[in-house]
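S.K.:
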Amino acid sequence: MSAVDSDTDVLVVGAGPTGLVLALWLARLGVRVLVIDKTAEPGTTSRALAVHARILEHYRQLGLADKVVERGLPFAAVNLWVASRKVGRAPFGIMGTGVSPFPYALIFAQDEHERLLIEELQELGVHVERHTELVAFEQSVDGVRATLRMPDSSERTCKASYIAGCDGAHSKVREILGSDFPGGTYAHVFYVADVEASGPVMDHELHVALDRSDFLAVFPLKTSGRARLIGTVRPGSEHRGDVSWNDVSKTIVERMRISVDRVNWFSTYHVHHRVARCFRDARAFLLGDAAHIHSPVGGQGMNTGIGDATNLAWKLAAVLHGCADAALLDSYEPERTAFAHRLVATTDRVFTFATRDGAIARFVRLSVVPRVVPAVLAQESARRFMFRTLSQTAISYRHCDFNAGTAGKVHGGDRLPWIEHADDRGDNFAPLAVLDWQVHIYGEPIDDIATLCAERELPLHRFGWRPEMERKGLAPNALYLLRPDGYVALADAHARVATLRSFLDERRLQPLARRTLPAETLAAAHSTREPGAVDAATH
């Protein structure tokens with residue numbers, strides 16, 4: 046093995062959306078990052094399509110949301126069909142009004158998504174090291190020492206403070222850690238096909254169809270006349286090695302009056318449901334599919350991985366910059382594993398219902414669903430619950446010991462409620478673009494709070510009280526300390542100086558702005574490393 050070493054703060058293994066978003070947050074926060082991927086080039090096909098509101102909110106913090114929305118396709122509604130009859134339509138744009146500045150789901154293919162993230166990283170001087178594979182790593186109290194196989198098959202050593210496994214369902218990082226990955230595999234074999242087609246459901250809305258023993262999802266693509274179809278392979282065909290579009294059961298496709306003119310891309314896959322036993326081992330972390338995989342119900346997979354990255358990035362940056370005690374990293378696993386387990390359990394139940402064989406399952410799909418779904422969708426509360434669940438805006442970390450307090454209906458660990466007209470300048474999410482700690486007060490701030498915030502260099506944002514704030518669960522004159530990821534760390538109805546000071550001191554928290562480099566300086570630092578070189582730039 047070559048004696049050439051490279052040094053970085055965080056070694057990111059895997060350049061899918063999860064790894065790229067983690068690297069982007071870290072780079073923006075002034076952290077040295079090295080991203081490696083064993084593939085020779087970014088993917089050109091993908092199954093992941095949906096980008097939900099919570100991820101778009103995080104992308105807004107990074108200045109990315111407008112680009113993603115421009116390149117993607119917001120779809121206005123989800124339609125449910127049973128036995129060729131439409132039984133329900135959920136208008137996504139209406140359902141999310143007032144909940145998020147992005148009251149819809151967005152279709153944005155994973156390969157295009159990755160290209161955009163790579164472009165953003167390159168502007169910061171960060172390049173993905175392609176055809177570079179993790180061979181092994183070992184941990185010590187001081188950091189991680191990893192062995193990398195280079196494009197020329199030589200092996201080199203990389204020293205990092207932390208390693209992040211974003212390397213998918215067959216994660217090498219997870220394998221080296223010896224972390225169990227319990228769960229199972231669904232019996233059916235599924236296909237995904239990128240097609241050029243025509244028909245009444247080619248209307249830029251999402252359509253899900255259930256039949257006696259079949260399932261079909263039709264995802265619109267931005268290019269007119271193109272769609273992504275997901276369904277099941279005809280029983281018996283899955284044992285052949287050359288499964289093609291011809292092996293797909295066309296019954297449900299024909300009943301939906303979809304006329305497929307051309308198949309641009311076709312692939313089959315098994316669907317799994319697994320959650321890693323642990324998401325962290327000392328200085329090693331698992332994120333995305335390396336930590337959890339589940340059915341494609343609701344388009345949650347890629348979004349959950351990006352959520353993992355957003356949750357971990359600012360914590361790593363805070364610890365590496367000396368702006369928080371290392372114990373902050375302990376919060377990553379409980380915050381993300383709880384959601385992963387709930388997600389897998391929920392999608393498993395829905396997916397099993399949609400694909401299960403047997404007389405009882407058919408009766409429920411064909412007779413019960415057509416009666417129940419319209420009644421449910423007629424209820425505004427049910428529609429709002431559906432949006433918050435699918436959009437991931439309902440995710441809360443209340444159960445984690447790191448977060449504390451309650452003010453109004455908002456608890457420490459909750460996502461900050463979105464106030465569209467917080468003041469004359471706009472909404473209350475705009476200040477979150479600083480990617481740092483900040484205090485919000487909706488009403489009149491106490492002078493002592495302003496003094497403490499000034500002493501600690503904590504941005505203080507005061508919003509005049511409006512009725513909308515009470516409807517969203519906020520309390521007048523209360524204090525909300527916000528984390529860099531837009532979740533409430535501390536909620537105090539009485540806005541007590543002692544409570545805020547104690548929270549900050551016990552956790553040794555300081556604003557990241559004290560240590561974060563300006564974007565121009567950061568780009569110059571990273572750009573000292575040429576693409577293809579192992580050595581990570583220092584700053």
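Going by this note's numbering, the first residue of the sequence shown is number 46, and it counts up by one from there.
Backbone N, C-alpha and C fix where the C-beta goes; we use that ideal spot for every residue, glycine too.
From a predicted model like this one, the values you see are computed outputs, not experimental measurements.
Between Met195 and Ala254, is the Cβ-Cβ spacing less than 9 Å?
M.R.: The residue you call residue 195 lines up with position 150 of the sequence shown. The residue you call residue 254 lines up with position 209 of the sequence shown. Contact: no.
S.K.: Quick check on Pro62: buried or exposed, where buried means 16 or more other Cβ atoms within 10 Å of its Cβ?
M.R.: Here residue 62 refers to the residue found at position 17 when the sequence shown is read from its first residue. Counting Cβ neighbours within 10 Å, Pro62 comes out buried, since at least 16 surround it.
S.K.: Which same chain residues end up closer than 7 Å to Leu67 when comparing Cβ atoms and leaving out the 5 residues on each side of it in sequence?
M.R.: Here residue 67 refers to the residue found at position 22 when the sequence shown is read from its first residue. Within the same chain, Leu67 has close Cβ partners Val57, Ala209, Cys211, Leu332, Ala354, Leu357 and Ala358.
S.K.: Between the beta-carbon of Glu183 and the beta-carbon of Leu193, is there less than 9 Å?
M.R.: Position 138 of the sequence shown holds residue 183. Position 148 of the sequence shown holds residue 193. No. Outside cutoff.
S.K.: Excluding the five sequence neighbours on either side, which residues of its own chain have a C-beta within less than 6 Å of the C-beta of Val305, listed in chain order?
M.R.: For the purposes of this step, residue 305 is taken as residue 260 along the sequence shown, with counting starting at 1. Only Val240 and Ala242 meet the Cβ criterion.
S.K.: Would you grab the beta carbon distance between Leu535 and Leu545 for me? Rounded to a whole angstrom, and I think it's under 8 Å.
M.R.: Looking up residue 535 in the sequence shown gives position 490. Looking up residue 545 in the sequence shown gives position 500. Going by Cβ atoms, the distance from Leu535 to Leu545 rounds to 7 Å, so yes, they are a contact pair.
S.K.: Please go through the same chain and pick out, in chain order, the residues whose beta-carbon is closer than 7 Å to the beta-carbon of Val246, but skip the five residues on each side of it.
M.R.: Here residue 246 refers to the residue found at position 201 of the sequence shown. Only His252, Val263, Met301 and Ile303 meet the Cβ criterion.
S.K.: Do Pro476 and His466 have their C-beta atoms within less than 9 Å of each other?
M.R.: Reading the sequence shown from its first residue, position 431 is the one you call residue 476. Reading the sequence shown from its first residue, position 421 is the one you call residue 466. Going by C-beta atoms, Pro476 is not nearer than 9 Å to His466.
S.K.: Could you check whether Ala558 and Ala540 sit closer than 9 Å to each other, using their CB atoms as the reference points?
M.R.: What you label residue 540 is simply residue 495 of the sequence shown in a count that begins at 1. What you label residue 558 is simply residue 513 of the sequence shown in a count that begins at 1. In this structure, Ala558 does not lie closer than 9 Å to Ala540 by Cβ.
S.K.: Can you tell me the Cα-Cα spacing of Arg507 and His317, whole angstroms?
M.R.: The residue you call residue 507 lines up with position 462 of the sequence shown. The residue you call residue 317 lines up with position 272 of the sequence shown. In a straight line, the C-alpha of Arg507 is about 47 Å away from that of His317.
S.K.: Taking the alpha-carbon of Pro462 as reference, which of Ala439, Asp446 and Ala538 has the nearest alpha-carbon?
M.R.: As a working mapping, residue 462 is identified with position 417 in the sequence shown. Pro462 has its Cα closest to that of Ala439, out of Ala439, Asp446 and Ala538.
S.K.: Is it buried or exposed, Pro576, if we count other Cβ atoms within 10 angstroms and call 16 or more buried?
M.R.: Walking along the sequence shown from the start, residue 576 turns up at place 531. With a pLDDT of only 41 at Pro576, under 50, the local geometry of the prediction cannot be trusted, and no value is derived from it.
S.K.: When you compare each of Phe226, Asp248, Met514 and Leu274 to Cys323 by their alpha carbons, which one comes out closest?
M.R.: Residue numbering aside, residue 323 sits at position 278 when the sequence shown is read from its first letter. Taking only the C-alpha atoms, the option nearest Cys323 is Phe226.
S.K.: Compute the distance between the beta-carbons of Leu94 and Ile163, then report whether it is under 9 Å.
M.R.: To locate residue 94, count along the sequence shown from 1; it is residue 49. To locate residue 163, count along the sequence shown from 1; it is residue 118. Going by C-beta atoms, Leu94 is not nearer than 9 Å to Ile163.
S.K.: The beta strand (DSSP E) spanning Val114 covers which residue range?
M.R.: On the sequence shown, position 69 is the one that residue 114 refers to. Val114 -> not in any beta strand (DSSP E); alpha helix (DSSP H) instead, spanning Ala110 to Arg116.
S.K.: Just tell me which of Thr84, Ser441, Ala362 and Val113 has its CA closest to the CA of Val173.
M.R.: Counted from its first residue, the sequence shown places residue 173 at position 128. Of the listed residues, the one whose Cα sits closest to Val173 is Thr84.
S.K.: So, are the CB atoms of Gln167 and Ala478 less than 9 Å apart?
M.R.: Stepping through the sequence shown from its first residue, residue 167 is reached at position 122. Stepping through the sequence shown from its first residue, residue 478 is reached at position 433. Their beta carbons are not under 9 Å apart, which means Gln167 does not touch Ala478 by this criterion.
S.K.: Only counting the same chain, and skipping five residues up and downstream in sequence, which positions put a Cβ closer than 6 Å to that of Thr53?
M.R.: Locating residue 53 in the sequence shown gives position 8, where the first residue counts as 1. Closer than 6 Å at Cβ, skipping near neighbours: Arg77, Leu79, Ala205 and Ala581.
S.K.: Could you check whether the segment 411–419 touches the segment 117–134, counting it as contact only if at least three pairs of C-beta atoms, one from each stretch, sit closer than 8 Å?
M.R.: Taking 8 Å as the limit for Cβ pairs, the verdict is that the segment 117–134 does touch the segment 411–419.
S.K.: Using a 10 Å radius around the Cβ and a threshold of 16 neighbouring Cβ atoms, would you call Ile405 buried or exposed?
M.R.: As a working mapping, residue 405 is identified with position 360 in the sequence shown. The residue is exposed, with fewer than 16 neighbouring Cβ atoms inside 10 Å.
S.K.: With H, G and I counted as helix, E and B as strand and the rest as coil, what does DSSP make of Pro136?
M.R.: As a working mapping, residue 136 is identified with position 91 in the sequence shown. Here Pro136 sits in strand by DSSP.
S.K.: Given a cut-off of 9 Å, decide if Leu266 and Ile297 are closer than it, judged by their beta-carbon atoms.
M.R.: Against the sequence shown, residue 297 aligns to sequence position 252. Against the sequence shown, residue 266 aligns to sequence position 221. Against a cut-off of 9 Å, the Cβ pair of Leu266 and Ile297 comes out as no contact.
S.K.: Hey, how far is the Cα of Ala499 from the Cα of Tyr525?
M.R.: Reading the sequence shown from its first residue, position 454 is the one you call residue 499. Reading the sequence shown from its first residue, position 480 is the one you call residue 525. Straight-line Cα distance between these residues: approximately 16 Å.
S.K.: Report buried or exposed for Trp310, applying the criterion of at least 16 other Cβ atoms within 10 angstroms of its Cβ.
M.R.: The sequence position of residue 310 within the sequence shown is 265, counting from 1. Exposed is the call here.
S.K.: Using 9 Å as the threshold, is the C-beta distance between Leu505 and Ala150 below it?
M.R.: Counted from its first residue, the sequence shown places residue 505 at position 460. Counted from its first residue, the sequence shown places residue 150 at position 105. No, Cβ-Cβ distance for Leu505 and Ala150 is not below 9 Å.
S.K.: Is Ile351 closer than 9 Å to His103 when the C-beta atoms are compared?
M.R.: Taking the first residue of the sequence shown as position 1, residue 103 is located at position 58. Taking the first residue of the sequence shown as position 1, residue 351 is located at position 306. Contact flag set, yes.
S.K.: Ordered along the chain, which non-local residues of its own chain (more than five positions away) have a Cβ less than 6 Å from that of Ala60?
M.R.: For the purposes of this step, residue 60 is taken as residue 15 along the sequence shown, with counting starting at 1. Same-chain partners within the cutoff: Val80, Asp82 and Val173.
S.K.: Looking at the strands, I want to know which residues DSSP matches up with Thr277.
M.R.: Here residue 277 corresponds to residue number 232 of the sequence shown, with the count starting at 1. Its beta-bridge partners are Phe235.
S.K.: What three-state label does DSSP hand Cys445 in the structure shown?
M.R.: As a working mapping, residue 445 is identified with position 400 in the sequence shown. Cys445 falls in the coil class under three-state DSSP.
S.K.: When you compare only the Cα positions, how much space is there between Lys217 and Ala191?
M.R.: Here the question's residue 217 lines up with position 172 in the sequence shown. Here the question's residue 191 lines up with position 146 in the sequence shown. Whole-angstrom Cα-Cα distance: 12 Å.
S.K.: Express the C-alpha separation of Phe384 and Arg443 in angstroms, rounding to a whole number.
M.R.: Counting from 1 along the sequence shown, the entry for residue 443 is found at position 398. Counting from 1 along the sequence shown, the entry for residue 384 is found at position 339. About 12 Å.
S.K.: For Arg302, write down the residues that DSSP places opposite it in a beta bridge.
M.R.: Walking along the sequence shown from the start, residue 302 turns up at place 257. Arg302 is not bridged to any residue.
S.K.: To the nearest angstrom, how far is the alpha carbon of Ser441 from that of Arg307?
M.R.: As a position in the sequence shown, residue 441 is number 396, starting the count at 1. As a position in the sequence shown, residue 307 is number 262, starting the count at 1. Roughly 44 Å separates the two Cα atoms.
S.K.: Please list, in chain order, all residues of the same chain as Gly138 whose beta carbon is under 7 Å from its beta carbon, the five residues on each side excluded.
M.R.: The residue you call residue 138 lines up with position 93 of the sequence shown. Cβ neighbours of Gly138 beyond the five flanking positions: Ala121, Pro148 and Tyr149.
S.K.: Pull up the distance between the alpha-carbon of Leu374 and that of Leu519, whole angstroms please.
M.R.: Mapped onto the sequence shown, residue 374 falls at position 329. Mapped onto the sequence shown, residue 519 falls at position 474. The alpha-carbon atoms of Leu374 and Leu519 are separated by roughly 28 Å.
S.K.: Given a threshold of 16 other Cβ atoms within 10 Å of its Cβ, counted over all protein chains shown, does Ala327 qualify as buried or as exposed?
M.R.: Counted from its first residue, the sequence shown places residue 327 at position 282. Looking at its Cβ environment, which holds fewer than 16 other Cβ atoms inside 10 Å, Ala327 is exposed.
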